[in-house]
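Encoded as structure tokens, the structure appears first; notes follow it.
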Amino acid sequence: MRTPPVRQAVIVAGGRGTRLGAIAADTPKPLLDVGGRPFVEHLLFELGRIGVEEVLLLVGPHRAAFARALRPARRSAPRLALISEPEPAGTAGALWHARRRLAPRFFLLNGDSILDGNLLRLAAAMAEDRAAAGAVAALAVPDAARYGRIACAGDRIVAFREKGAGGPGLVNAGVYLFDRERVLRQVARPPLSLERDVLPALAAEGALRAVRFAGRFIDIGLPDSLAEARGLFPAWHRRPGAIVELGALAAAGGAATRTRWRKGAAGALRRLNDAGYYAIVLAPGVSRGPALRRRLNAALQRQGAHIDALYAARSDSAFDALLESARAEWRIAEAGGLLVTGGPRIVPQTPPCLAVFRAQGDLDAVVAAAVPAQP
1370 MRTPPVRQAV IVAGGRGTRL GAIAADTPKP LLDVGGRPFV EHLLFELGRI
1420 GVEEVLLLVG PHRAAFARAL RPARRSAPRL ALISEPEPAG TAGALWHARR
1470 RLAPRFFLLN GDSILDGNLL RLAAAMAEDR AAAGAVAALA VPDAARYGRI
1520 ACAGDRIVAF REKGAGGPGL VNAGVYLFDR ERVLRQVARP PLSLERDVLP
1570 ALAAEGALRA VRFAGRFIDI GLPDSLAEAR GLFPAWHRRP GAIVELGALA
1620 AAGGAATRTR WRKGAAGALR RLNDAGYYAI VLAPGVSRGP ALRRRLNAAL
1670 QRQGAHIDAL YAARSDSAFD ALLESARAEW RIAEAGGLLV TGGPRIVPQT
1720 PPCLAVFRAQ GDLDAVVAAA VPAQP
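Structure below.
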């Protein structure tokens, strides 16, 4: 029996930011301005890209502040639910208070850090290992003293070491995918810490999988790292993109089914996702674009791949208009990238930085020739 796709994320966002001093005296860390918007909105954007539809924000005692700050964002996907707690409960205790809202599988993120990487690699790892209770994003850093270390046997986490020892090491990046029932067995009544209580217990059972990432990572818990984050955003989101015509991915009439994918299509999308490209699909002659993207992403998630956006129109001749919309909204012309069409189409006014490929054979081969493989 196939595991249903993961469409929920939980963000732990109730911390006060005591190490930031006066900077966070009146503002929860996830609501601090970074790149012209509350930091947590950058997380919401990244989650929406990979197909997450609902985000539970565990806001501690700060519900009113989050409701005020994020009210404009509530009109866009993913939909938000703010969950408070009657008293400080720790990171795992906050999860306990949200237990009745948790989906069978859910992403869990810290609200004061961000990892640049394809988070659906966690879903692919869990799909491969049905015995795992969770997958943990692990990051190799030159100095692990600030974070603490992860000890692994292969891809299995065997222990979490306390912070303090310097030198290179593998650290917990604060991004997880959990099986609800398995993790809640370790969460008794709060207060309880995810890092000190729950994760070590799951590691002792051999129930946690480490998924290694090599992308950028930053948290905003210290004045220096907050200043660094403010220097990186909003350029953090400026990246190349791949615009792919639906016909290069799936046979006509079978775009939503698992059996009609063209050879190499899912692997090509995974390569684009891993390389940090936006993956945007144009679907002329197709109606109900949001529903189609949802179905495509459900099939792709098991392979660690996703489509960031899908532009559809009923008319078969709408390709040029869809292309212009995608280029404008995602600023593809600014960052460069590639365009893959499903046939011998003439593409007008393509900017020089947007190379055009026509996928007559394997899309995977086309993308492999244009996009470097990731470690």
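Numbering (this note's numbering), first residue to last: 1370 to 1744.
The beta carbon of each residue, even a glycine, is placed where N, CA and C say it ideally should be.
All figures in this text were calculated on a predicted structure; none of them were measured in a lab.
Residue nearest to residue i in terms of C-alpha spacing, selected from the options
i, options, result
"residue 1527", "1574, 1597, 1452", "1574"
"residue 1406", "1709, 1611, 1604, 1619", "1604"
"residue 1659", "1417, 1380, 1396, 1389", "1417"
"residue 1465", "1638, 1599, 1381, 1690", "1381"
"residue 1606", "1396, 1414, 1395, 1398", "1414"
"residue 1675", "1695, 1639, 1700, 1542", "1639"
"residue 1485", "1498, 1552, 1584, 1499", "1584"
"residue 1602", "1395, 1392, 1410, 1391", "1410"
"residue 1507", "1700, 1581, 1450", "1581"
"residue 1433", "1450, 1668, 1423", "1450"
"residue 1558", "1463, 1391, 1529, 1481", "1463"
"residue 1459", "1392, 1399, 1598, 1561", "1561"
"residue 1489", "1708, 1631, 1667", "1667"
Residues near residue i in its chain [Cβ-Cβ closer than 8 Å; skip 5 each side]
i, result
"residue 1657", "1681"
"residue 1525", "1575, 1577, 1578, 1579"
"residue 1421", "1375, 1376, 1377, 1378, 1447, 1476"
"residue 1555", "1461, 1566, 1567, 1570, 1571"
"residue 1531", "1517"
"residue 1691", "1651, 1652, 1653, 1680, 1681, 1682"
"residue 1734", "1633"
"residue 1655", "1615, 1624, 1661, 1681, 1682, 1683"
"residue 1515", "1532"
Opening and closing residue of the alpha helix (DSSP H) in which residue i lies
i, result
"residue 1487", "Where residue 1487 is concerned, there is no enclosing alpha helix (DSSP H), given that its DSSP letter is neither H nor E."
"residue 1567", "Segment: none, residue 1567 is in no alpha helix (DSSP H) and carries neither H nor E."
"residue 1531", "Neither: residue 1531 is in no alpha helix (DSSP H) and is coded neither H nor E."
"residue 1413", "1408-1418"
"residue 1594", "1592-1601"
"residue 1684", "Unbroken run through residue 1684: none, as it is neither H nor E."
Same chain only: Cβ atoms within 7 Å of residue i, ignoring 5 sequence neighbours per side
i, result
"residue 1608", "1645, 1646, 1647, 1704"
"residue 1487", "1642, 1643, 1673"
"residue 1388", "1590, 1591"
"residue 1499", "none"
"residue 1496", "1372, 1671"
"residue 1685", "1653, 1654"
Nearest-angstrom Cα separation, counted from residue j out to residue i
i, j, result
"residue 1401", "residue 1593", "14 Å"
"residue 1513", "residue 1587", "14 Å"
"residue 1384", "residue 1568", "19 Å"
"residue 1547", "residue 1537", "27 Å"
"residue 1534", "residue 1510", "13 Å"
"residue 1688", "residue 1504", "40 Å"
"residue 1479", "residue 1412", "9 Å"
"residue 1625", "residue 1539", "Note that residue 1625 scores 45 on pLDDT, short of 50, meaning its location in the model is unreliable and no value can be drawn from it."
"residue 1454", "residue 1469", "13 Å"
"residue 1444", "residue 1697", "The pLDDT assigned to residue 1444 is 48, lower than 50, so where the model puts this residue is not dependable; a value taken from the coordinates is nonetheless given after this. For residue 1444 and residue 1697, the distance between alpha carbons rounds to 21 Å."
"residue 1438", "residue 1596", "21 Å"
"residue 1736", "residue 1494", "23 Å"
"residue 1600", "residue 1403", "8 Å"
"residue 1627", "residue 1483", "The predicted model places residue 1627 with a pLDDT of 47, which falls under 50 and marks its position as unreliable, so this point remains unresolved."
"residue 1501", "residue 1429", "29 Å"
"residue 1492", "residue 1669", "10 Å"
"residue 1551", "residue 1564", "16 Å"
For residue i, the first and last residue of its enclosing beta strand (DSSP E)
i, result
"residue 1588", "1586-1588"
"residue 1376", "Counting along the chain, residue 1376 falls outside any beta strand (DSSP E), and DSSP gives it neither H nor E."
"residue 1665", "Segment 1658-1670 is the alpha helix (DSSP H) holding residue 1665; no beta strand (DSSP E) there."
"residue 1464", "First-last for residue 1464: 1459-1466, but that is the alpha helix (DSSP H), not the beta strand (DSSP E)."
"residue 1448", "1448-1453"
Per DSSP, the bridge partner or partners of residue i
i, result
"residue 1614", "1651"
"residue 1630", "1619"
"residue 1522", "1525"
"residue 1475", "1547"
"residue 1579", "1505"
"residue 1380", "1426, 1478"
"residue 1510", "1538"
Residues of its chain near residue i, where Cβ-Cβ distance is below 6 Å and the 5 sequence neighbours each way are ignored
i, result
"residue 1452", "1425, 1427, 1467"
"residue 1373", "none"
"residue 1695", "1612, 1649, 1680"
"residue 1473", "1549"
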